[in-house]
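Respectively, the protein sequence lines represent chains P and Y.
Heads up: the first sequence runs through residues 1 to 412, numbered per the numbering used here.
Heads up: the second sequence runs through residues 1 to 412, numbered per the numbering used here.
Even glycine gets a Cβ: it sits at the ideal position worked out from N, Cα and C.
A quick note: this is a predicted structure, and the numbers were derived from the prediction, not measured.
The structure under discussion appears below in the form of structure tokens.
2 protein chains.
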Amino acid sequence: MTEIARQARQAAATLARTPRPVKDRLLLDIAAEIRRQAGLILEANNRDVAVAEQKGMPPTMLNRLRMKTQNIDSLAAGLQEVAALPDPAGEITSMWERPNGLTVGKMRIPLGVIGIIYEARPNVTVDAAALCLKSGNAVILKGGSEALESNLALGNIVQEVLRRHDLPQAAVQVIAERDRAAVGFLLQLDEYIDLIIPRGGVELIRAVVGQSRIPVIKHYQGVCHIYVDAEVDETEALRICLNAKTQRPEVCNALETLLVHEARASSFLPLVASELAAAGVTLRGCERTRKILPAMEPASEDDWFREYLDLILAVRVVDDMDQAMKHIEKYGSLHTEAILTKSYANARRFLREVNSSTVLVNASTRFSDGFELGLGAEIGISTTKLHAFGPMGLNELTTTKFIVYGNGQVRT
Amino acid sequence: MTEIARQARQAAATLARTPRPVKDRLLLDIAAEIRRQAGLILEANNRDVAVAEQKGMPPTMLNRLRMKTQNIDSLAAGLQEVAALPDPAGEITSMWERPNGLTVGKMRIPLGVIGIIYEARPNVTVDAAALCLKSGNAVILKGGSEALESNLALGNIVQEVLRRHDLPQAAVQVIAERDRAAVGFLLQLDEYIDLIIPRGGVELIRAVVGQSRIPVIKHYQGVCHIYVDAEVDETEALRICLNAKTQRPEVCNALETLLVHEARASSFLPLVASELAAAGVTLRGCERTRKILPAMEPASEDDWFREYLDLILAVRVVDDMDQAMKHIEKYGSLHTEAILTKSYANARRFLREVNSSTVLVNASTRFSDGFELGLGAEIGISTTKLHAFGPMGLNELTTTKFIVYGNGQVRT
Numbered sequence: 001m002t003e004i005a006r007q008a009r010q011a012a013a014t015l016a017r018t019p020r021p022v023k024d025r026l027l028l029d030i031a032a033e034i035r036r037q038a039g040l041i042l043e044a045n046n047r048d049v050a051v052a053e054q055k056g057m058p059p060t061m062l063n064r065l066r067m068k069t070q071n072i073d074s075l076a077a078g079l080q081e082v083a084a085l086p087d088p089a090g091e092i093t094s095m096w097e098r099p100n101g102l103t104v105g106k107m108r109i110p111l112g113v114i115g116i117i118y119e120a121r122p123n124v125t126v127d128a129a130a131l132c133l134k135s136g137n138a139v140i141l142k143g144g145s146e147a148l149e150s151n152l153a154l155g156n157i158v159q160e161v162l163r164r165h166d167l168p169q170a171a172v173q174v175i176a177e178r179d180r181a182a183v184g185f186l187l188q189l190d191e192y193i194d195l196i197i198p199r200g201g202v203e204l205i206r207a208v209v210g211q212s213r214i215p216v217i218k219h220y221q222g223v224c225h226i227y228v229d230a231e232v233d234e235t236e237a238l239r240i241c242l243n244a245k246t247q248r249p250e251v252c253n254a255l256e257t258l259l260v261h262e263a264r265a266s267s268f269l270p271l272v273a274s275e276l277a278a279a280g281v282t283l284r285g286c287e288r289t290r291k292i293l294p295a296m297e298p299a300s301e302d303d304w305f306r307e308y309l310d311l312i313l314a315v316r317v318v319d320d321m322d323q324a325m326k327h328i329e330k331y332g333s334l335h336t337e338a339i340l341t342k343s344y345a346n347a348r349r350f351l352r353e354v355n356s357s358t359v360l361v362n363a364s365t366r367f368s369d370g371f372e373l374g375l376g377a378e379i380g381i382s383t384t385k386l387h388a389f390g391p392m393g394l395n396e397l398t399t400t401k402f403i404v405y406g407n408g409q410v411r412t
Numbered sequence: 001m002t003e004i005a006r007q008a009r010q011a012a013a014t015l016a017r018t019p020r021p022v023k024d025r026l027l028l029d030i031a032a033e034i035r036r037q038a039g040l041i042l043e044a045n046n047r048d049v050a051v052a053e054q055k056g057m058p059p060t061m062l063n064r065l066r067m068k069t070q071n072i073d074s075l076a077a078g079l080q081e082v083a084a085l086p087d088p089a090g091e092i093t094s095m096w097e098r099p100n101g102l103t104v105g106k107m108r109i110p111l112g113v114i115g116i117i118y119e120a121r122p123n124v125t126v127d128a129a130a131l132c133l134k135s136g137n138a139v140i141l142k143g144g145s146e147a148l149e150s151n152l153a154l155g156n157i158v159q160e161v162l163r164r165h166d167l168p169q170a171a172v173q174v175i176a177e178r179d180r181a182a183v184g185f186l187l188q189l190d191e192y193i194d195l196i197i198p199r200g201g202v203e204l205i206r207a208v209v210g211q212s213r214i215p216v217i218k219h220y221q222g223v224c225h226i227y228v229d230a231e232v233d234e235t236e237a238l239r240i241c242l243n244a245k246t247q248r249p250e251v252c253n254a255l256e257t258l259l260v261h262e263a264r265a266s267s268f269l270p271l272v273a274s275e276l277a278a279a280g281v282t283l284r285g286c287e288r289t290r291k292i293l294p295a296m297e298p299a300s301e302d303d304w305f306r307e308y309l310d311l312i313l314a315v316r317v318v319d320d321m322d323q324a325m326k327h328i329e330k331y332g333s334l335h336t337e338a339i340l341t342k343s344y345a346n347a348r349r350f351l352r353e354v355n356s357s358t359v360l361v362n363a364s365t366r367f368s369d370g371f372e373l374g375l376g377a378e379i380g381i382s383t384t385k386l387h388a389f390g391p392m393g394l395n396e397l398t399t400t401k402f403i404v405y406g407n408g409q410v411r412t
């Protein structure tokens, strides 16, 4: 494992010097090779699926593991999209003059070696490799052991194309170990690995944080809120709430708690409750909500902390925006919150004072996503504040160094 | 300890909402109060110094512990300087439109709660508090136990002024514990503390990283290099090398290894060696250096890794810039490197390909410093790449959130 990490570190030095056209051609060739070797990939995947079925893997997990011809197409298309994105490495983000004549700038450079720890989802193998390569980073991939054959088939293709381009194969390495202990060992190698991105449930992330000497991007939970203000366009609010809750209830940027200003409660709550119920959503309300809608299930204290990831919604009537913001501060997960309002002052204050990673005015929480926000890609979402906060694109796979142009300056 | 961290978290929420004028007045009042209570501070410091002397603290450490009237003045002046700096919180670093009409921006917000772990240097107590308050963060200060009385005296003044401004006293807390175990406990509280900045030697930092569940800014070493290229202004190069090595040899941005292109070795090495020797520097050379200057001590493999922090310099003759860059990659610490050259192409390539936190052309390594680079302040220097790389100013005590202005957008 140390040898894998050591070689990744060496490969990273080469990648950091590799110019954009070479990286882009590499990605396009990987796309072509994945299409060409689709049969081989699907065979490997079939072996994984067969074993997983025997072992009784639940259907939702099996669905994520199973690859079809259209998955191969979308992997290849994804590589082509990443090739078309701008290269973050080498970008000068700012530059200024000092009184002594020094010109000081900040230049983006790759982080170095990135470790991705994920579940049995073979598409992550290719997506993560593409983003790391594009930004000039080497990557070590440790996916769920149930997908090992699929991951190795994909990893071999990537390494084959790397070799063809005279780039080090260690730039992309799939850990061929089924053992979970391999992860624990990997997480000690802070001399060689710069960042760990775990992609999976809260338990996985907590376990990684507990063991790691390497910095970890944490995506804990998405307990996302919408606050419906006193002055609001109810038709628009209704459409946004429905979209945020029901368009894809199983993902982290779906709505989990609806907060409604008391001045709107009697008119808006019956409206939204009936539409949500028609869409199959179960509502759990606070006492004030249930005074208006007595048939609704009661929400317990625990409900305010819940990330349902399901067609369930907690609803609370609040006195005003201050109480809404206090609720978010106490129960929220720093992921995504939205205010729906006609009030300029309230929109401005909510945006300024709510410090979650994405804060929206008059739009669905579902936009908290790297592609939707315009990052061009998404390697993950961070719900803690260090290095990156919120959806992460290619820039978040870089750091900046200071560059200084002098003409003989010394310090006095 | 948990209670301290919990209160800091609450105070951070208030500070994040506190507008710049209030924060600036607070800092100016702390400055005034420190001047007014100078007698009290110096008395507390005298008690610390007396105990430390009895226990046989080495003179260099005693010097850092001991405060004089001029130290009080410079603490107060430092607070005034920080008050005059721009407030990073609330700054919009970029903004763009999406095809669906959403306007997306990134806004700087405070990190939240910052823990500073440092040695027996009372000035850090005030400097760190000033930068954290200015950027809207709460801070927990754990200084060396030998400075506890001084730190508590300073902390009490800050809290007194916070109270006077109706701000939570928990915004700045000095840990009154002399026990090192308190640190270990603090480092587990990732629910409340966002970032740990240790300021001290490599051992302190490694110990903190080993224990911490909270992200840590790491400042390992400054093995700084100057590479003297084939085409160079020797007079200028001489002045820069002397400055980088001798102006303050005990600090992390001082020169530790000099690399000289072989085409320059026979002319430049005797020149620089004699001037450095006259300034009291001991030189340790590679074999090729010692062919030109046989009286020089030999450098061992170990010397290339050394951060001397002293009037000692390792010297190596290299075939060309490639070999110089390979040397830096192998032995360097990612802190600061400079090239001295007249070649446009080499300057450009060195700046692009050397990925240390500060890379300079034709200037002294001593400029790798928050004030000198124009950050207005310095809370530390990071030699690893996550969150911050190189000297850290107020911006590095913030993160960015996404803000999104919509007019009814939903995802389809």
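Between P:ALA295, P:ALA16, P:LEU65 and P:ALA8, which lies nearest to P:SER150 when the distance is taken from Cα to Cα? P:LEU65
Touch check for the stretch 34-44 of chain Y and the stretch 66-79 of chain Y: three-plus C-beta pairs under 8 Å? yes
Looking at the strands, I want to know which residues DSSP matches up with P:LYS142. P:ILE117
Closer than 8 Å at the beta carbon, the chain Y residues around P:PHE367: LEU102, VAL404, GLY406, GLN409 and ARG411
Continuous alpha helix (DSSP H) stretch holding Y:LEU271: start and end: 262-278
Just confirm the distance between the C-beta atoms of Y:ILE109 and Y:LYS401, as a whole number of angstroms; I'd bet it's less than 8 Å. 5 Å
Of the choices P:ARG264, P:GLY222 and P:THR257, whose alpha-carbon is the least far from that of P:GLY390? P:GLY222
Helix, strand or coil, according to DSSP, for P:GLN247 in the structure here? coil
Complete beta strand (DSSP E) runs within the stretch 287-374 of chain Y (minimum length 3 residues, chain order): 312-318, 336-340 and 358-363
Can you find a C-beta in chain Y that's less than 8 Å from the C-beta of P:PRO21? no
Would you list the residues sitting across from P:GLN409 in a DSSP beta bridge? Y:ALA363
Is there a Cβ from chain Y that is less than 8 Å from the Cβ of P:SER343? no
Rank Y:HIS219, Y:SER267, Y:ALA147 and Y:GLY155 by C-alpha distance to the C-alpha of Y:ILE379 and give the top, closest one. Y:HIS219
Measure how close the beta-carbons of P:ALA147 and P:PRO122 come, nearest whole angstrom, since I'm counting them as under 8 Å. 5 Å
Just list the residues that DSSP pairs P:ILE196 with in beta bridges. P:GLY115 and P:VAL216
Would you mind listing the alpha helix (DSSP H) stretches within the stretch 32-98 of chain Y that are 4+ residues and don't spill past its ends, in chain order? 38-54, 59-65 and 69-84
If I follow the unbroken beta strand (DSSP E) through Y:ARG178, where does it start and stop? Segment: none, Y:ARG178 is in no beta strand (DSSP E) and carries neither H nor E.
What residue does the beta strand (DSSP E) around Y:LYS106 start on, and which one ends it? 103-110
Put P:LYS385 into one of helix, strand or coil per three-state DSSP. coil
Would P:LYS330 be called buried (16 or more neighbouring beta carbons within 10 Å of its own) or exposed? exposed
Spell out whether any CB of chain Y is found under 8 Å from the CB atom of P:SER356. yes
Any idea what DSSP makes of P:ILE379, helix, strand or coil? coil
What residues from the stretch 326-343 of chain P come within 7 Å of chain Y, judged by C-beta to C-beta, listed N to C? GLU329
Chain Y within 8 Å of P:THR246, Cβ atoms only: no
Straight-line gap, Y:ALA130 to P:ALA13 (C-alpha atoms, nearest Å): 39 Å
Within 10 angstroms of its Cβ, does Y:PRO215 collect 16 or more other Cβ (buried), or is it exposed? buried
What residues in its chain sit with their C-beta under 7 Å from that of P:MET61, if we drop five residues either side in the sequence? ALA120
Select from the stretch 368-382 of chain Y all residues with a C-beta closer than 8 Å to any C-beta belonging to chain P, and list them in chain order. SER368, GLU372, LEU373 and GLY374
Give the interface partners of Y:ASN243 over in chain P, defined as CB-CB distance under 8 Å, in chain order. VAL410 and ARG411
Helix, strand or coil for P:GLY155, going by three-state DSSP, please let me know. helix
Contacts around P:GLU177, its chain only, beta-carbon distance under 7 Å, and the 5 residues preceding and following it disregarded: none
Buried or exposed: where does Y:MET95 fall if 16 or more other Cβ atoms within 10 Å of its Cβ makes it buried? exposed
Straight-line gap, P:SER135 to P:THR398 (C-alpha atoms, nearest Å): 7 Å
Burial state of P:ASN333, where buried means 16 or more other Cβ atoms lie within 10 Å: This sequence places Ser at residue 333 of chain P; Asn is not what is there. Answer is buried; the Cβ neighbour count reaches 16.
Would you kindly check if the distance between the Cβ of P:LEU258 and the Cβ of P:VAL315 is under 8 Å? yes
Report the option in Y:ASP369, Y:LEU309 and Y:GLY105 whose CA atom is closest to the CA atom of Y:LEU255. Y:LEU309
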